[in-house]
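Chemist: Going by this note's numbering, the first residue of the first sequence is number 135, and it counts up by one from there. Glycine included, every Cβ here is placed at the ideal spot set by N, Cα and C. Note that this is a predicted model, so its numbers are computed, not measured.
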Amino acid sequence: MAIRLHDSLTRSLQELRRPDPTDPRDVFTFYNCGPTVYGPAHIGNFRTFVVNDVLRRLLELEYGPGKVKHVRNLTDVDDRTIGQAKKDQRSLAEITRKWTDLFHADCAALNCLPPHVEPTATGHIREQVDMIEVLMEKGNAYRAPDGSVYFKIASFPEYGALSRIKERELKVTNSAFDADHKDDIGDFALWKAYKPEEDGDVQWPGPRTAAAGRPGWHIECSAMIKRHLGETIDLHTGGVDLLFPHHENEIAQSQCCNGTIFARHWYHSEHLLVDGTTMSKSKGNYYTLGDLVQKDFDPLVVRLALLQGHPRKQQNFTLDSLHSADKALTTIHSYWQSLPLKADRATAFDAVFSALHDDLNFPAALGAFFTVINRGPSGVAKSDCEKVLFALGLGREPAKRPDRRIPDAITAFAEKRWAAKLAKDFATADALRKEIAAAGWSMLDRKDGYSLEPLKKA
RNA sequence: GGCGCGGUAGCCAAGUGGUAAGGCCGAGGUCUGCAAAACCUCUAUGCGUCGGUUCAAUUCCGACCCGCGCCUCCA
């Protein structure tokens, strides 16, 4: 069953290329623009990474193990990382290490598979400089008076094909234009000359004839892709906001440098919104995974919530959607656990996969999944269900909520209530239940005993 | 202004030229002293508004209203 995905360049549904199964060197090459590690990623960022994670899982299921190469970068040098290092009075490396570690922990909590390669911008300075030099030699780039290097978009007639931007509407003021020493407002930096007052000790030797400094943002992806995946890749993905200018610029750089098609397929996922608007640090209206875990939500619940909207549609994130996902996940897992090992209906979940393969239609896939669930476990094999759970990345038991020590007073109340209940003194038992609840705990009775759980926060 | 997306039950959300998947909430029920959990049943004659095409439109076309995103920080 072929995987079809919306392609941003042609704005149509296109089948993804299937690598030759008999040629071990022929793998599907997949690049996903990663985070800038200067602070905690918010769940809007994670929507994109979760969507890409499901995509990667589907590709591996479809093409077989070892037939997909997934690369996702870490942007560890740019205005924001440098700015954060300066603000915290730490080295750039310390700052990016710190936030990279958190990012990895969050990804693991969300059950995202690590990409096969996770290159960093600072680890590929040489590759970036090499590309810039080629672009300068070919006349696609020029040195500005301050020693920076800019890409000349006039040298690339196809510029704007992805974003359909032909004439740039000049919302930008002329002062910004002048300050950047560009020939044209649309030109963008490949290399930024070192500025002692801003850049601290962050600098590298530049391309020939250029000043020392650091790479511009866009060139890192072009260079890392070339290095790890080759000059032409099968799929390039990211959030919609990267479509312009980032991806447009990547195309310009790579195609001018390499003289070949850069990416066969472009895919962009839409934004997660909060209160009907994009979440951003400047608005302060964002949640991190940590925020939600503190509210007692399992990261896997967050993952399910992120899968409840179509990835190419904006999705409004609410705490309510988390409660909904929490219940739904419980149902999914209890169904999964109830399944027999063997079964006679191997095709039970076909509708789930066809929805997934049809442009990652998560809502339809989840709908199909629950339709199977509602039919009951009869005839459905655990292993088939596990394949679905693997694709969705929901296949592990929810992490135990952080065990909170049960206060002795609560234990005492519980013991008393249990005794009262056994003695059929229900009035006392009910009163004690209320006491326990008022203290923030919930007493769950079983046949032969009870357990205590903290009441969920709202 | 340019480019793009969306408006489907209380909330979220898929979808089709022939009269609406699924999840959450809610209601009722079974089961347990109660509570929780689990399981069963029920919940849109209607899909932003107004026109048009059609035997038939939520689905196609047009206009309009409303919301959101991007237009060089941004998943």
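Find out if the Cβ-Cβ distance for the pair G410, A344 is shorter than 7 Å.
Modeler: no
Chemist: Mapping the DSSP letters down to three states, classify Q448 as helix, strand or coil.
Modeler: coil
Chemist: With a threshold of 7 Å on Cβ separation, who are the neighbours of Y172 within its own chain once the five nearest residues in sequence on each side are excluded?
Modeler: R214, T215, Q218, I229 and W233
Chemist: With which residues is R138 paired in a DSSP beta bridge?
Modeler: R138 is bridged by DSSP to E149 and D492.
Chemist: Nearest to V374 by CA position, among I137, R138, A136 and S142, is which residue?
Modeler: S142
Chemist: Does the Cβ of L150 have 16 or more other Cβ atoms within 10 Å, making it buried, or fewer, making it exposed?
Modeler: buried
Chemist: Tell me the rounded alpha-carbon separation between P341 and E194.
Modeler: One C-alpha to the other measures close to 39 Å.
Chemist: Leaving out five residues on either side along the sequence, give the residues of the same chain with a beta carbon under 6 Å from the beta carbon of G443.
Modeler: Q449
Chemist: Within the same chain, show all residues whose beta-carbon is closer than 7 Å to that of G364, passing over the 5 residues directly before and after it, in chain order.
Modeler: T163
Chemist: Using a threshold of 7 Å, state whether the C-beta atoms of H491 and M135 are closer than that.
Modeler: yes
Chemist: Check the C-beta distance from A554 over to T562 and give it rounded, since I have them as a contact under 8 Å.
Modeler: 4 Å
Chemist: Does the distance from the C-beta atom of Q387 to that of S356 stay below 7 Å?
Modeler: yes
Chemist: Going by beta carbon distance, what residues of the same chain come within less than 6 Å of V185, once the five residues before and after it are set aside?
Modeler: Around V185: S403 and P445.
Chemist: Using C-beta distances below 6 Å, list every residue in its chain close to D175, excluding the 5 sequence neighbours before and after it, in chain order.
Modeler: Before going on, a small fix: residue 175 reads as Ala here, not Asp. P169 and F237.
Chemist: Going by Cα to Cα distance, which pick from N274, N166, R191 and H457 is closest to N207?
Modeler: N166
Chemist: Considering Cα atoms alone, identify which of V486, W575, Y328 and D582 is closest to L589.
Modeler: W575
Chemist: Just to confirm, is the Cβ distance from G320 to I287 under 7 Å?
Modeler: yes
Chemist: Three-state secondary structure (DSSP) at P433?
Modeler: helix
Chemist: Going by DSSP, what residues sit across from G347 in a beta bridge?
Modeler: A327 and W338
Chemist: Tell me W400's beta-bridge partners as DSSP assigns them.
Modeler: H370
Chemist: Would you kindly report the start and end of the unbroken alpha helix (DSSP H) that includes A255?
Modeler: Per DSSP, A255 belongs to no alpha helix (DSSP H) and is neither H nor E.
Chemist: Quick check on this structure: which residue in V436, W470 and Y469 has the alpha carbon closest to the alpha carbon of H84?
Modeler: Past the edges of the chain, shown from 135 to 592, lies residue 84, and the structure says nothing about it.
Chemist: Among N508, L586 and R530, whose alpha-carbon lies nearest the alpha-carbon of D542?
Modeler: L586
Chemist: So, V486 versus V522, is the Cβ gap smaller than 7 Å?
Modeler: yes
Chemist: Answer with buried or exposed for N308, where buried requires no fewer than 16 other C-beta atoms within 10 angstroms of its C-beta.
Modeler: Note that N308 has pLDDT 39, beneath the 50 cutoff, so the model's placement of it is unreliable and no number is given.
Chemist: How many angstroms separate the CA atom of F547 from the CA atom of D210?
Modeler: Distance between the alpha carbons of F547 and D210 is about 53 Å.
Chemist: Hey, could you find the ends of the alpha helix (DSSP H) L236 is sitting in?
Modeler: L226 to A243
Chemist: Nearest by alpha-carbon distance to P474: which of L434, K581, A459 and S517 is it?
Modeler: S517
Chemist: Would you mind stating whether Y284 and K316 have Cβ atoms separated by less than 7 Å?
Modeler: yes
Chemist: Tell me the rounded alpha-carbon separation between H381 and F322.
Modeler: Taking the straight line from one Cα to the other gives about 12 Å.
Chemist: Hey, quick one: how far does the alpha helix (DSSP H) through S468 stretch, first residue to last?
Modeler: L453 to S472
Chemist: Straight-line CA distance for T412 to L406?
Modeler: Distance from the CA atom of T412 to the CA atom of L406, rounded to whole angstroms, is 6 Å.
Chemist: With a 10 Å radius around its C-beta and 16 neighbouring C-beta atoms as the bar for buried, classify G350 as buried or exposed.
Modeler: buried
Chemist: Do you know how far the Cα of A480 is from the Cα of E520?
Modeler: 12 Å
Chemist: Helix, strand or coil: how does DSSP classify L143 here?
Modeler: coil
Chemist: Can you check which of these residues, W338, A557, S512 and R530, is closest to L463 by C-alpha distance?
Modeler: R530
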